[in-house]
Every structure is written in C-alpha cells, then in structure tokens.
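Everything below concerns the one structure shown next.
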Amino acid sequence: MNYIAYNSKTFRNTIYYNKLPQTEKDSFNILSFIFHFKINNYIIENLIDWENIPDDPIYRLLFPRKEMLNKADYDRIKMLVSLGMGQKELQPFIDDIRKRASPELKQTEHNFVVSDTGMHKGMYRNFETIINLCPEPMVKTCHAYCSYCFRWVMFNSKDIQQMSSYTNPDEPVEYIRNHKEIKDVLFTGADLMTLNTKTIKRYIEPILDIDSVEVIRVGSKSLAWWPHRFVTDKDADELLDMFRYIRNRGKHVNFCAHFTHPNELNSDIVKEAVKRIQDTGAVIRCQGPVVEGINNSAETWSTMWSKQINMGMIPYYMFIEADHNKESCFRIPLAESLKIFQEAQKLTTGLARTVRGPVFINDINRVLLDGTTVVDNKKYFVLKCLQSAPGTDHEGRIKLIPYDEKSKITDNLYNLFSSNNTE
Ligand code: SF4
0 MNYIAYNSKT FRNTIYYNKL PQTEKDSFNI LSFIFHFKIN NYIIENLIDW ENIPDDPIYR
60 LLFPRKEMLN KADYDRIKML VSLGMGQKEL QPFIDDIRKR ASPELKQTEH NFVVSDTGMH
120 KGMYRNFETI INLCPEPMVK TCHAYCSYCF RWVMFNSKDI QQMSSYTNPD EPVEYIRNHK
180 EIKDVLFTGA DLMTLNTKTI KRYIEPILDI DSVEVIRVGS KSLAWWPHRF VTDKDADELL
240 DMFRYIRNRG KHVNFCAHFT HPNELNSDIV KEAVKRIQDT GAVIRCQGPV VEGINNSAET
300 WSTMWSKQIN MGMIPYYMFI EADHNKESCF RIPLAESLKI FQEAQKLTTG LARTVRGPVF
360 INDINRVLLD GTTVVDNKKY FVLKCLQSAP GTDHEGRIKL IPYDEKSKIT DNLYNLFSSN
420 NTE
C-alpha cells in the first residue's frame, strides 16, 4: 500500500465522505475551516467502521467534533458559510476564532534551554534527566491528525514551526555533553517517523557520540496511523537497521508508541510492524490519553493493554487528556479517569501493573493521580509528583486536593507542588 494523505478538501472527493450522515458532513464542513484535518488511505480503508458513524472511536479520534468550538463561534461560521462566503472572505473570522481557540501552554519558561550562547530553539528540558529535541523537519506533520491534539496550531504556521525547532543536527550536542545528568534524548512532536530514514539519521547520529546519553526515545503514533513505515515503505529496512545501529552504539532504543484505542492494534500490518521493530532490540512502550467519547471505559483500556502485552509491548502511561481545547471537550472528570484506570487494571493480567496512570503531562510536573483518601471526614484526591523540572525539588512530593466528582481541573500543579502545605 502506498501512502495517500487526504486533507479536508481532498477527503470530500472520496467515497467515504458520502458515507457520512448529513449532520456530520455539515459539522465537518464548518469545523475544517478552523481545525486542521489529515487522514490517510490505511486509516479510512482499515480502521474506521463507516457503518458506525459518528460513534466509531477511530472516527471520533480523527474528525473534528462540534463541541470543539463554542456555540457562538460555530453558529457564526455556519451563518457566514450559508451566506455564500468562501475561504477568502471567511479568513478574518477564521483567524479570530483560531486565535481564541489556541491552547495556552503553562510554565513553558521552565522548559526552555538557555546557555551562555543564548536560548536554544527546538530543545526543551521537562525533567532533569530528559531533553526533548525538535528537529525542524520533524515538527511539520504526522501521518494523520488526532482530533484532541493541540499541535494544530503548529501545523498551521511556518513561523511557529521555525521558532520551536532547530535545523543544524549538531546544535544540541555541546549543551547535552555539558549536562551529563541528561540520560534520555526524546524526539517527539510532531512525528519523527514521517521523515525518510536519511533525514532521521542526520539528526540522531550526532547524539550517539555523547557518552552520557543512554537512551534514544522516539515518541510516535506511526504504528497506529501508518504501520507500513516499518514494513513496506521503501526505506523501512534502512529505518530498522538504524535502530539496530543505535543499539550497537550502546544506546537503548525506546519506541514510545501512542495508542488510543484497541482497534488500532488489529490489523496484520501493525502486528508485523511491531515484530519488526522488536527484532531490532528496540523496546516498545505504549502510552495514550483517556479521552471523552473515544476510550473512556475500563473495558476499552483493559482490552488495549491485553493486546499490547500479547504483542510483546509494555503498557507504560495512561495520560489525563492535556485539555488544550478551550471548550474542554476531550478531558473527562478526574474521578472518572481514576475509576477507569483502577477498574481496567483489575480486569487485566498482572503484567499491566507496569502502566502508570492517570498521569498529567502537560504541566511542568509529571503528576500521578494516585487515588483518594479521607482526612477528618473530608475526601481528597491524592496527587504524587513523579518528575519535575530541572531546578525544582517537587519530585516525590504528595499533595491532597479536595475530591470533586465532576471536576476536570486541578488548578496550577506547579504552584501546588511548590507549596509546603498539604492542600
Ligand atoms: S500523532 Fe501526536 S503529534 Fe500528531 S496529531 Fe496525533 S497527538 Fe498530535
């Protein structure tokens, strides 16, 4: 199968667009003015059940949903479209809505890498032992776009791509060499696996010369969105040889596979892709967010973890959805996330105890929602800081916040873990 990507315009020329109920077509036509849409032939032919629209989880994972916009904005665009306005006339309205719908990233100043020579673009330090690297060719796209991803802002803007990435592959070397506490180098956001192997090699090779780096991590959804990358793409073998080469240079290869639903794990091609990656000595650890209307049930998570374990992969994290959508339509209440996680573990083999969750990742701390407790007849959520930014000492701290059945938010996790009180 050769890769064919569809955007919102070209998708409308496929037979699959005509399978959408009229209400879905209408909202797709409105929302795709605002949000970016990308899907490919493997997904539309294999992963979506077109007889089950709009409930199919993979459909919901890819197609924008009405709740992503507030009603007033949605109605305004709808009205303007009904008046016959085209893309050009609509652009000022689109820009205005996009601006207001753009996600706010909190506490990012703690993550920037600054040295004597100034700030290093495309390098981020979330935690003491890890550095995130964003080579310029990597930040541009993924094999398809997830509806819940905040990176639509970046996909939409060359300026943001340039501001948040680096072009010279040697750029990070000196900094990492001078920071021997950095053990893991993570390439993530958008997706390194969309690049050809030669380009990937150019950016990884200089890192392999740094003795203090022990792990090369790749965060990718390619196993779900385009498993052919590891099987039939013309440089698939070369890519797998690169993983072997990294192993032979003495580094661990951690492939962080982003899976959201067990249906992503069913095809023969994904099974073959997983096996081919594993044959190189790379370890696949799986992670993904719990998302409203896509995977918010214990059975779904248990099925997904069971399949991953059966395929030799390691369930690693269940994330609390980053909630970068202003309407908060993807995040579920904290109490529900916790219940899903705990029940899913009970339904699954003990090997699923390797997975940690539910975990917040979008704040400066990586925080585990570890359970609930009662103090003086009052119920609390128990939060534990698993990792914190360089220069902070939040790691290992435990905090209590008042339990609320419906709450989706925790306020500011950075401030919470900076304080010495218990709530
Ligand atoms: S694959 Fe990852 S980076 Fe790409 S759209 Fe999905 S969540 Fe965002």
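According to numbering that gives the first Met the number 0, the sequence shown holds residues 0 to 422 in order. Where a beta carbon is used, it is the ideal one built from N, C-alpha and C, also for glycine. Every value quoted in this text rests on a predicted model; they were computed, and no experiment measured them.
Endpoints, beta strand (DSSP E) assigned at ARG201: Premise fails: ARG201 lies in the alpha helix (DSSP H), 196-207, not in any beta strand (DSSP E).
THR433 to PHE186 span [Cα, whole Å]: Outside the displayed span of the chain (0 to 422) sits residue 433, for which this structure offers no information.
Option nearest GLU66 by Cα separation, candidates PHE329, GLY83, GLU342 and ASN40: For the residues PHE329, GLY83, GLU342 and ASN40, the minimum Cα distance to GLU66 belongs to PHE329.
Run of the beta strand (DSSP E) containing SER26, from where it starts to where it stops: Premise fails: SER26 lies in the alpha helix (DSSP H), 21-30, not in any beta strand (DSSP E).
Residue interval of the beta strand (DSSP E) (run including ASN125): 117-126
Coil, strand or helix - ASP267 by DSSP: helix
Residue nearest to GLY121 in terms of C-alpha spacing, selected from ALA100, GLU170 and ILE319: GLU170
Selected residue, minimal CA-CA separation from PHE36, among LYS8, ILE52, GLU50 and ASN51: In terms of Cα proximity to PHE36, the closest of LYS8, ILE52, GLU50 and ASN51 is LYS8.
CA-to-CA distance, PRO226 to ASN262, given in whole angstroms: One C-alpha to the other measures close to 13 Å.
The ligand SF4 heavy atom lying under 7 Å from the CB of CYS255: no
DSSP state of ASP236 mapped onto helix, strand, coil: helix
LYS233 versus PRO53 - alpha carbon distance: 35 Å
For ASP92, the nearest candidate out of HIS109, PRO102, GLU103 and ASP74 (CA to CA): The identity of residue 92 in the sequence shown is Phe, whereas the question assumes Asp. When each option's Cα is compared against that of PHE92, the closest is ASP74.
Which of helix, strand or coil DSSP assigns to HIS142: coil
Own chain residues within Cβ distance below 8 Å of ASN17, not counting five before or after: There are no such residues.
C-beta neighbour in chain D for TRP151, strict 8 Å: Annotation note: the requested chain D is absent from the structure, which comprises a single protein chain.
Span separating the alpha-carbon of VAL269 from that of THR348: 22 Å
Span separating the alpha-carbon of ILE313 from that of GLU213: 19 Å
Coil, strand or helix - LYS383 by DSSP: Of the three classes helix, strand and coil, the one that applies to LYS383 here is strand, per DSSP.
Unbroken stretches of the alpha helix (DSSP H), 4 residues or longer, contained in the region 283-310: As far as the region 283-310 is concerned, its whole alpha helix (DSSP H) runs of at least 4 residues are 297-309.
Any non-hydrogen atom of the ligand SF4 within 7 Å of CYS148 CB: Yes, since a heavy atom of the ligand SF4 falls inside the 7 Å radius drawn around the Cβ of CYS148.
Candidates LYS179, CYS148 and ALA71, of which the one nearest ARG59 by Cα: CYS148
Same chain only: Cβ atoms within 6 Å of PHE340, ignoring 5 sequence neighbours per side: MET317, GLY356 and PRO357
The ligand SF4 heavy atom lying under 7 Å from the CB of ASP322: For the ligand SF4, no non-hydrogen atom lies closer than 7 Å to the CB of ASP322.
Heavy atom of the ligand SF4 within 7 Å of TYR123 beta-carbon: no
Stretch-stretch touch, CB-based, cutoff 8 Å, three pairs: the region 242-259 with the region 271-280: Taking 8 Å as the limit for Cβ pairs, the verdict is that the region 271-280 does touch the region 242-259.
Status (buried if at least 16 other CB within 10 Å, exposed otherwise) for GLN21: exposed
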